[in-house]
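Chemist:
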Amino acid sequence: MKSEQELDQLTAALPREMQPQQDLWPSLEARLPARQSLKKRQISPVNRMLGMAAALALIVVVGWRVMLVPEDNAVPVAVNDTDMPDADAVPIQYEITRQFETIKAEQLAQMAPYSDNFGDWQYQMASWDQAIDQVSGALNYYPDDPRLLAQMQGLYEQQLDYLRLIGRVDSTAYILGEEL
Amino acid sequence: MSADNTSAIRRAQEGDRQAFHLLYQQHIGRVYAVCWRLLGDRQKAEDASQESFVKVWQSLPDFKGDSSFATWLHKIATRTAIDCWRRDKRLSFVEPETVDGLTELGGQTTAADNDDGRDLEQAIQRLPAQAKAVFVLFALEGYQHNEIATLLNIAEGSSKAHYHRARQLLRGFLSEE
Amino acid sequence: MKSTKTSWVGAATLVLLIAFTRVISAADAPMVIDESRQVSSNERIELEVMRGEVVIRTGTDNTFRVSGTLDELAEGFELRSDNGFTYFEVEMPRNVNNSGFRRSEESDLEIVVPAGSRISFIGVNVEVDIDGVTGGTQINTVNGDISASNLTERVELRTVNGNITARNIGGRIDLQTVNGEIRDSDSAGRAYYEAVNGEIDIDSAAGEVEVTVVNGSVRAQLRGTSDLSVNSVNGDIDVVLTDVTSPRISGSTVSGEITLSLPADVDARFSLESHVGGNLVNHITDDEVVRSRYGPGRNLDFSTGQGAGHVDLSSVTGRLELRTN
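Protein chains in written order, with the numbering used here: chain A, 1 to 180; chain B, 1001 to 1177; chain C, 2001 to 2325.
#1: Which residues in chain B sit within 9 angstroms of Asn2161 of chain C, going by Cβ to Cβ distance?
#2: What is the residue span of the beta strand (DSSP E) that Ile2139 of chain C lies within?
#3: Chain E partners of His1021 of chain B, CB-CB under 7 angstroms?
#4: Can you give the Cα-Cα distance for Phe1173 of chain B and Ala1123 of chain B, rounded to whole angstroms?
#5: I need the straight-line Cα distance from Asp1041 of chain B to Leu14 of chain A, nearest angstrom please.
#6: Thinking just about the alpha-carbon of each residue, which of C:Val2211, C:Glu2153, C:Thr2069 is nearest to the one in Arg2183 of chain C?
#7: Let me check understanding here. Comparing Cα to Cα, which of C:Phe2064, C:Gly2076, C:Gly2224 lies closest to Met2092 of chain C?
#8: DSSP puts Gly2309 of chain C in a beta bridge; with which residues?
#9: Distance, Cα to Cα, Ile92 of chain A vs Gln153 of chain A?
#10: Buried or exposed for Asn2083 of chain C, going by 16 or more other Cβ atoms inside 10 Å?
#11: In whole angstroms, what separates the C-alpha of Thr2165 of chain C from that of Ala2148 of chain C?
#12: Rounded to whole angstroms, what's the CA-CA distance from Arg2190 of chain C to Trp1057 of chain B? Just pull it up for me.
#13: Against Thr2317 of chain C, what residues of chain A qualify as contacts under a CB-to-CB distance less than 7 angstroms, listed in chain order?
#14: Residues of the stretch 2278 to 2290 of chain C in Cβ contact with chain A at a cutoff of 7 angstroms, in chain order, please.
#15: Does the beta-carbon of Ser1132 of chain B have 16 or more other beta-carbons within 10 angstroms, so that it is buried, or is it exposed?
#16: Quickly, what does DSSP pair Pro2296 of chain C with across the bridge? List them, please.
#17: Is the stretch 2104 to 2122 of chain C touching the stretch 2134 to 2146 of chain C in the sense that three or more CB pairs, one from each, lie closer than 8 angstroms?
#18: Taking the beta strand (DSSP E) that Asn2150 of chain C falls in, what are its first and last residues?
#19: So what does Phe1053 of chain B bridge to, in DSSP terms?
#20: Using CA atoms only, rank isn't needed, just tell me which of C:Ile2056, C:Glu2048, C:Phe2121, C:Gly2059 is closest to Glu2078 of chain C.
#21: Rounded to whole angstroms, what's the CA-CA distance from Arg2051 of chain C to Gly2170 of chain C? Just pull it up for me.
#22: Can you list, in chain order, the residues of its chain whose CB lies under 8 angstroms from that of Asn1153 of chain B, leaving out five sequence neighbours each side?
#23: State the start and end residues of the unbroken beta strand (DSSP E) segment that holds Arg2037 of chain C.
#24: Can you tell which of C:Glu2110, C:Thr2086, C:Leu2157, C:Met2031 has the C-alpha that lies nearest to the C-alpha of Thr2058 of chain C?
#25: What does Ser2314 of chain C reach in chain A if we use C-beta pairs closer than 7 angstroms?
#26: What residue from A:Ala138, A:Asn117, A:Ile132 has the CA that sits closest to Ile166 of chain A's CA?
#27: Using DSSP with H/G/I as helix, E/B as strand and the rest coil, what is Pro2114 of chain C?
#28: Can you give the beta carbon distance from Leu2262 of chain C to Leu2241 of chain C, rounded, assuming they're within the 8 angstroms contact cut?
#29: Under the criterion of a Cβ to heavy atom distance below 8 angstroms, does Val2112 of chain C qualify as lining the ligand GTP?
#30: Kindly list the residues whose CB is nearer than 7 angstroms to the CB of Ser2036 of chain C, restricted to its own chain and excluding five residues on each side of it in sequence; keep chain order.
#31: Can you give me the C-alpha to C-alpha distance between Asp2287 of chain C and Glu1046 of chain B, rounded to a whole angstrom?
#32: Using a Cβ-Cβ cut-off of less than 9 angstroms, give me the residues of the stretch 2224 to 2246 of chain C that come near chain A, in sequence order.
#33: Do Asp161 of chain A and Ser115 of chain A have their C-beta atoms closer together than 9 angstroms?
#34: Could you tell me whether the Cβ atoms of Glu2072 of chain C and Glu2105 of chain C are closer together than 9 angstroms?
#35: Would you say Arg1017 of chain B faces chain C, with C-beta separation under 9 angstroms as the test?
#36: Listing by chain order, which chain B residues have their CB less than 7 angstroms from the CB of Gly119 of chain A?
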């Protein structure tokens, strides 16, 4: 039986790098999505006076415009690019971002970095964040596109549901009669 | 060299693919190594390596330069490899020990330059799935057990137990004729 | 004098040792349980088993029965039953160290219920296997797989880390996992599936289906599904739909692929859209993709037959593909 030291020596001698047998770059390059220079998400400084109720109320007001995803109307909304948006109007996407980021920040502030039950939840959140960024980038081309806005909202809601689930599950070592 | 690197990173962040190609060349060796060791198969390792770099490309804007780029990139690659490994583990009902291609090490010519090295690579691929993952991450990739627990979504104690078991099994395999 | 003292100490130690050993062996013996109650044929049953394995089966008489061994750390159990409502719980101490030094024995229970009852189950680290309940089922666990077959009415199976395997479920179905796989076969009714990290594999005859996946793929073989909604963030979705000519389908993805395979005689209006350059592939007709003039988007709009149904797919960067069976 090989000894512990021998195993350690053999392990230490294993190469840390291995080259693939073919060059992966050509097909990799073809898969790289085009990078738009994304406008930095404008997260307004979290207004602590803005209670959660107020934030939710605003979503309801903004939300009815967003939720108007044409369900039976299969024709996509034609984007009329010759209309410049009113300089004073805040694009809806920024409203959505601002509302959700506020709630998210509050939720995140209550969370421990690591969860016994969920493991690396921040990595999971990052994957949603990335998707939100992609939708955001698309919205720069097609602002107010209902499908994209609905998608962004959906992604934020998924994130929040996930955070809330972690909160509920992790807050007790044993859940007494509460639905998860 | 590190100055060039910083500029390559910055240019890649802005969308410069040639700069990213440079970064790819610098890091593919380590990325492919962890993918191959976790997945035990050349095709899967290539797919996982590519997926890792696509993720790195997409995440580049988030890299703040406050930690080592190599560490940051490697973390993404490890997570991607683990995701592939997890998917792979669920889909296959056959334990790695019984897969025929293993004698050729999943089609990969090992980089190990001696018999002992090749034996160890083979032995690692014979380990049960969880034990192999923990061994690769701890002994070869340098993660601590608490980090491995997070990566694999297991308890820290389990990680230590798997590592211990992996070592016992490896010592046994290496002593076989 | 000295020797007496020594022997006193010795005796005391011996007594303590014996007492200690008694305590250990008492704790070592798991509590066996075998309890029955007469209940109604459509009893509402609530179960709470924190850890272990639970098998739920149906019996031919109106009896509720729980048998097996209780968790070694359990302080007892609670079972009350009257007026059509039965409650069973394995009572555990408030703080249970799950990654404990020695692995203590968990609950191992078989619960038999009337077929028409309605079951609600909650647990933390527990595997559940349930079959034959027709009054409705709700299972919530944190870590552990759920295996379910031959259930009807409202069926809700949720786990955080675990796989859900379902077979022959009919009614309103809701299967959700955070990390794990969902496999569902031979279901009917209305079905909702969600996985955050994991795969979903469906072979279903449900009339309405909604699938959501974040990181993970979806493979669905659907027979006669007239309303379908698929959503993914990064995962790929592959759907084969048969036996329905004018389906109502909507799908959206951020960077995953959606491949939709439909009957050759499909009768619907099609609208596909990718916002940032995802490929749109059409194997149903010769209609071509139109590139947006002012941005990287692409559209594909066409109609087959009378345009009775509709297929709306959208992606940010992912690929959308239509084919015929």
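Note that the Cβ used here is the ideal one computed from N, Cα and C, for glycine as well.
Modeler: A quick look at the data gives this:
#1: Asn1153
#2: 2137 to 2143
#3: Of the protein chains in the structure, A, B and C, none is chain E.
#4: 6 angstroms
#5: 18 angstroms
#6: C:Val2211
#7: C:Gly2076
#8: C:Ala2268
#9: 11 angstroms
#10: exposed
#11: 6 angstroms
#12: 40 angstroms
#13: Pro33, Gln134
#14: none
#15: Checking the displayed sequence, the identity of residue 1132 of chain B turns out to be Lys instead of Ser. By the 10 Å Cβ count, Lys1132 of chain B comes out buried.
#16: None; Pro2296 of chain C has no bridge partner.
#17: yes
#18: 2146 to 2161
#19: Paired residues: none, contrary to the question.
#20: C:Glu2048
#21: 28 angstroms
#22: none
#23: 2032 to 2038
#24: C:Glu2110
#25: Arg147
#26: A:Asn117
#27: strand
#28: 5 angstroms
#29: Ligands displayed in this structure: none; no statement on the ligand GTP is therefore possible.
#30: Thr2063, Phe2064, Arg2065
#31: 36 angstroms
#32: Asn2231, Val2233, Asn2234
#33: no
#34: yes
#35: no
#36: Thr1150, Asn1153
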